[in-house]
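**Q** To start, I am sharing the structure in question, which I have written as structure tokens.
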Amino acid sequence: MKKLFLTAALLSSASMAHATCAPDYSGVTLTISTQNGPFIASPLQTAAESWEAKTCGKVDLVEFPFSELYPKFLTAMSQKTGDFDVIGFIPAWLPDFSTFLSSMPTEMQSGPAWEDIHPVYRERLMSWGGEVKSATMDGDMHMLNYRADLFEDADNMAAFKEKYGYDLAAPVTWDQYYDIAEFFTASDAVDYGTAEAYRRGGQQFWYFFSHAASYTNHPDQPGSMFFDPETMDAQINNAGWLKALEDYKRGLDFNPPGALNNGSGDVRPLYAGGSLAMNIDWADSGVMGATEGTIKGNVRTAVLPGSNKIWNSKTNQWDMFDDVVASPFLAFGGWQLAVPADSKNSEAAWSFVQEVTSPEVSGQAIVTGNTGVNPYRFSHYENLENWSSIFTPEEAASYLGAQRASLDAPNVALDLRLPGFFSYTEILEIELSKALSGQVEPQVALDAIAAEWDKLTDDFGRENQLAAYRASMGLPALN
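Residue 265 in numbering that gives the first Met the number 0 sits at position 266 of the sequence shown, with consecutive numbering throughout.
Have a look at this one:
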């Protein structure tokens with residue numbers, strides 16, 4: 000009798016335990032993979048803990064260096080090894096990965112959580128071939144970060160006005176940016192004027208693209224920044240790109256020594272630690288500056304500088320505009336999660352993706368240092384109370400305002416997304432590094448890149464590449 004009672008009690012206890020698992024993924028272990036932490040890996044681990052508690056499933060997080068992600072993911076998926084249930088990757092790889100990915104369940108493509116995602120991410124970066132193949136877990140764009148204590152100092156303001164003839168403020172043009180960088184590099188107020196990433200493999204080319212957007216993303220010629228959207232001829236060696244490269248290289252004069260060896264991860268602590276008046280980076284610099292550095296309370300953020308002249312690739316001349324045109328560049332586009340088609344746990348995998356990207360879980364990740372997660376939901380921008388844990392009201396208004404203004408800018412520039420992205424950017428970085436180090440002249444480097452890009456396009460199939468490029472830029476198919 001006692002044995003029967005004990006058995007019944009154990010069964011009842013097990014039933015109650017499973018009742019708390021919603022949905023119930025007991026016995027399921029998901030293999031999740033992304034880059035080495037803490038950036039991106041740490042918020043996935045945090046979300047794994049909450050997902051495990053809700054579902055009774057298990058998560059095994061596998062991390063690789065960023066440089067290894069693309070080949071490891073592509074090889075595993077193309078060979079259908081089933082190694083990964085969820086992969087964390089960048090939007091530029093979606094064209095190459097899409098064939099091997101499952102589509103997002105339709106029930107995840109509606110409702111408040113879906114509508115809460117900013118349309119730039121939801122409609123432009125999560126889809127390929129007419130299907131939603133990934134979920135944004137991080138919103139990325141380049142912005143300008145600067146220090147309020149330096150920019151609002153009366154002595155600095157007076158000295159700058161006397162030297163340059165206009166007021167010291169967040170730069171609206173790249174010429175102003177270099178004036179300010181020059182001024183602070185020469186002053187005793189701070190060590191250096193600015194910092195950007197220049198190292199090959201250190202996300203260098205995205206910084207170059209951020210300069211180029213201002214001179215090549217013509218508002219009357221959508222999609223003409225990287226390639227001719229009618230012929231697929233490379234545009235990277237035109238006068239707009241040359242101006243951008245000359246500017247980008249000029250910035251080395253106002254960076255700390257050894258800047259050619261600095262990646263984006265080196266740029267952030269330089270700003271947060273108080274060595275710089277400004278930097279260009281993703282939103283991570285703002286969070287680091289407000290939480291870990293010596294400039295707390297003085298973090299300010301602005302839309303990237305723009306230009307009142309933009310190269311017209313149709314007429315081969317500069318077009319002048321009455322006002323400065325802001326062309327904020329959505330560098331990188333933010334990390335994404337997707338479920339490989341060969342996953343044996345697809346339903347559970349998408350459940351995990353839903354947990355990571357939920358307003359509640361992502362809302363905590365964006366205000367936690369070193370997660371690498373930046374805002375991408377309307378609720379992320381609007382819930383100011385959430386940001387009070389790390390920012391002053393002035394910092395929050397500046398930080399969030401600059402990001403919303405960038406996303407909502409009429410001439411916002413989308414990042415390159417194209418089959419073979421890895422091959423195109425590898426060529427770019429080789430030649431770009433030569434120009435930055437002075438081995439070759441900027442125009443020579445750009446001509447070499449253009450020639451190699453055109454060869455790659457032909458190798459991949461010009462017609463197919465053109466169709467993919469137009470789709471990624473939001474242009475209709477050519478008849």
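We put the beta carbon where it would ideally sit given N, CA and C, even for glycine.
Could I get the ranges of all uninterrupted beta strand (DSSP E) runs contained in the region 205–287, with 3 residues as the minimum, in chain order?
**A** Whole beta strand (DSSP E) segments, 3+ residues: 277–280.
**Q** For Met472, count neighbouring C-beta atoms within 10 Å of its own C-beta (all shown protein chains included) and say buried if the count is 16 or more, exposed if not.
**A** What you label residue 472 is simply residue 473 of the sequence shown in a count that begins at 1. By the neighbour-count rule (16 or more Cβ atoms within 10 Å), Met472 is buried.
**Q** May I ask you to verify whether the region 294–302 touches the region 145–156, counting CB pairs closer than 8 Å and requiring at least 3?
**A** yes
**Q** Going by DSSP, name the residue or residues bridged to Ser186.
**A** Within the sequence shown, the letter at position 187 stands for residue 186. DSSP output for Ser186 lists no bridge partner at all.
**Q** Reducing DSSP to helix, strand and coil, say where Met156 ends up.
**A** Translated into the one-based positions of the sequence shown, residue 156 becomes position 157. Of the three classes helix, strand and coil, the one that applies to Met156 here is helix, per DSSP.
**Q** On the DSSP bridge list, what partners appear for Arg198?
**A** Your numbering for residue 198 matches position 199 in the sequence shown. Per DSSP, none; premise fails for Arg198.
**Q** Within the continuous alpha helix (DSSP H) that includes Leu474, where are the two ends?
**A** As a first step, residue 474 must be located in the sequence shown, where it is residue number 475. It is not in any alpha helix (DSSP H) - Leu474 carries neither H nor E in the DSSP assignment.
**Q** Measure the alpha-carbon distance for Thr314 versus Phe328 and round it to whole angstroms.
**A** Here residue 314 refers to the residue found at position 315 when the sequence shown is read from its first residue. Here residue 328 refers to the residue found at position 329 when the sequence shown is read from its first residue. C-alpha separation (whole angstroms): 24 Å.
**Q** Please report the distance separating the alpha-carbon of Ala337 from that of Glu425.
**A** Here residue 337 refers to the residue found at position 338 when the sequence shown is read from its first residue. Here residue 425 refers to the residue found at position 426 when the sequence shown is read from its first residue. Rounded to whole angstroms, Ala337 and Glu425 show a C-alpha spacing of 24 Å.
**Q** Note down, in chain order, each residue of its chain lying with its Cβ closer than 8 Å to the Cβ of Val266, except the 5 sequence neighbours on either side.
**A** For the purposes of this step, residue 266 is identified with residue 267 of the sequence shown, where counting begins at 1. Only Ala194, Glu195, Ala196, Asn278, Ile279, Asp280 and Ser284 meet the Cβ criterion.
**Q** Going by the DSSP bridge assignment, what does Glu62 pair with across the sheet?
**A** The residue you call residue 62 lines up with position 63 of the sequence shown. The partner list for Glu62 (beta bridge, DSSP) reads Thr33.
**Q** In angstroms, rounded to a whole number, what distance separates the CA positions of Ala479 and Glu181?
**A** The structure shown does not extend to residue 479, since the chain is modelled only from 0 through 478, so no value can be given for it.
**Q** Should Leu244 go down as buried or exposed, given a rule of 16 or more other Cβ atoms within 10 Å for buried?
**A** The residue labelled residue 244 in the question sits at position 245 within the sequence shown. Buried, since its Cβ has 16 or more Cβ neighbours within 10 Å.
**Q** Buried or exposed, going by whether 16 or more other CB atoms sit within 10 Å of the CB of Ala476?
**A** Taking the sequence shown and counting its residues from 1, the one referred to as residue 476 is at position 477. Ala476 should be labelled exposed.
**Q** Report the rounded CA-to-CA distance for Ile89 versus Ala348, giving the unit in angstroms.
**A** On the sequence shown, residue 89 is found 90 positions in, with the first residue counted as 1. On the sequence shown, residue 348 is found 349 positions in, with the first residue counted as 1. The alpha-carbon atoms of Ile89 and Ala348 are separated by roughly 18 Å.
**Q** Since Arg121 is in the beta strand (DSSP E), which residue starts that stretch and which ends it?
**A** Taking the sequence shown and counting its residues from 1, one reaches residue 121 at position 122. Segment: none, Arg121 is in no beta strand (DSSP E) and carries neither H nor E.
**Q** Look up Glu346 in the DSSP assignment and say whether it is helix, strand or coil.
**A** As a working mapping, residue 346 is identified with position 347 in the sequence shown. Helix at Glu346.
**Q** Looking at the unbroken alpha helix (DSSP H) that takes in Gln44, where does it start and where does it end?
**A** Position 45 of the sequence shown holds residue 44. Element bounds for Gln44: Ala40 to Thr54.
**Q** Since I believe Met76 is in contact with Pro339 (beta carbons under 8 Å), could you give me their beta-carbon distance rounded to a whole number of angstroms?
**A** Your numbering for residue 339 matches position 340 in the sequence shown. Your numbering for residue 76 matches position 77 in the sequence shown. Yes, Pro339 and Met76 are in contact; Cβ-Cβ is about 5 Å, under 8 Å.
**Q** Mapping DSSP to helix, strand and coil, what is Leu100?
**A** Looking up residue 100 in the sequence shown gives position 101. The answer is strand: DSSP assigns Leu100 an E or B state.
**Q** Is Trp334 closer than 8 Å to Met136 when the C-beta atoms are compared?
**A** Working through the sequence shown from its first residue, we reach residue 136 at position 137. Working through the sequence shown from its first residue, we reach residue 334 at position 335. Closer than 8 Å, so yes.
**Q** Name the one or two DSSP bridge partners that Ile179 has.
**A** Translated into positions along the sequence shown, residue 179 becomes position 180. Within the DSSP bridge table, the entry for Ile179 names no partner.
**Q** Under the rule that 16 or more other beta-carbon atoms within 10 Å means buried, what is Ile402, buried or exposed?
**A** In the sequence shown, counting from the first residue as 1, residue 402 sits at position 403. Sequence inspection shows Gln at residue 402; the Ile mentioned does not correspond to that position. Buried is the call here.
**Q** Report back the beta-carbon spacing between Ala47 and Phe183 to the nearest angstrom; my notes put them in contact at under 8 Å.
**A** Locating residue 47 in the sequence shown gives position 48, counting from the first residue. Locating residue 183 in the sequence shown gives position 184, counting from the first residue. Between Phe183 and Ala47 the Cβ distance is about 43 Å, and since that is not below 8 Å, they are no contact.
**Q** Helix, strand or coil for Ile86? Go by DSSP, reduced to three states.
**A** Numbered from 1 along the sequence shown, position 87 holds the residue referred to as residue 86. Strand, per DSSP.
**Q** Just to confirm my understanding: we take Tyr375, look at its own chain, exclude 5 residues before and 5 after, and list those with CB closer than 7 Å. What are they?
**A** Working through the sequence shown from its first residue, we reach residue 375 at position 376. If we look at Tyr375 and ignore the five residues flanking it on each side, its Cβ neighbours are Ile116, His117, Tyr120, Thr135, Asp137, Gly138 and Gly333.
**Q** Are the beta-carbon atoms of Gln44 and Phe65 separated by less than 8 Å?
**A** Locating residue 44 in the sequence shown gives position 45, counting from the first residue. Locating residue 65 in the sequence shown gives position 66, counting from the first residue. No, the pair does not count as a contact, with Cβ atoms beyond the cut-off.
**Q** Please work out which residues of its chain come closer than 7 Å, Cβ to Cβ, to Gln203, disregarding the five sequence neighbours upstream and downstream, and give them in chain order.
**A** Taking the first residue of the sequence shown as position 1, residue 203 is located at position 204. Ala196, Tyr197, Glu428 and Leu431, listed in sequence order.
**Q** For His217 and Asp82, what's the separation of their Cα atoms in angstroms?
**A** Locating residue 217 in the sequence shown gives position 218, counting from the first residue. Locating residue 82 in the sequence shown gives position 83, counting from the first residue. So the two alpha carbons sit approximately 43 Å from each other.
**Q** So Met140 packs on Ser306, CB below 8 Å; how close in whole Å?
**A** The residue given as residue 140 occupies position 141 in the sequence shown. The residue given as residue 306 occupies position 307 in the sequence shown. Incorrect: roughly 18 Å between the Cβ atoms, too far for contact.
**Q** Rounded to the nearest angstrom, how far is the Cβ of Gly239 from that of Thr215, given a contact under 8 Å?
**A** Here residue 239 refers to the residue found at position 240 of the sequence shown. Here residue 215 refers to the residue found at position 216 of the sequence shown. Contact holds; Cβ gap of about 4 Å.
**Q** Only counting the same chain, and skipping five residues up and downstream in sequence, which positions put a Cβ closer than 6 Å to that of Asp246?
**A** Along the sequence shown, one-based indexing puts residue 246 at 247. Contacts found: Trp173 and His210.
**Q** The alpha helix (DSSP H) spanning Thr456 covers which residue range?
**A** As a working mapping, residue 456 is identified with position 457 in the sequence shown. First-last of the alpha helix (DSSP H) with Thr456: Pro441 to Phe459.
**Q** Return the CA-CA distance between Met504 and Ser361, expressed in angstroms with no decimal places.
**A** Nothing can be reported for residue 504: it is not among the residues displayed for the chain, which extend from 0 to 478.
**Q** If you count every other CB in all the chains shown that lies within 10 Å of the CB of Gly201, and 16 or more means buried, which is it?
**A** Within the sequence shown, numbered from 1, the residue matching residue 201 stands at position 202. Per the 10 Å Cβ criterion, buried.
**Q** Given a cut-off of 8 Å, decide if Glu291 and Gly368 are closer than it, judged by their beta-carbon atoms.
**A** Locating residue 368 in the sequence shown gives position 369, counting from the first residue. Locating residue 291 in the sequence shown gives position 292, counting from the first residue. Cβ atoms of Gly368 and Glu291: closer than 8 Å.
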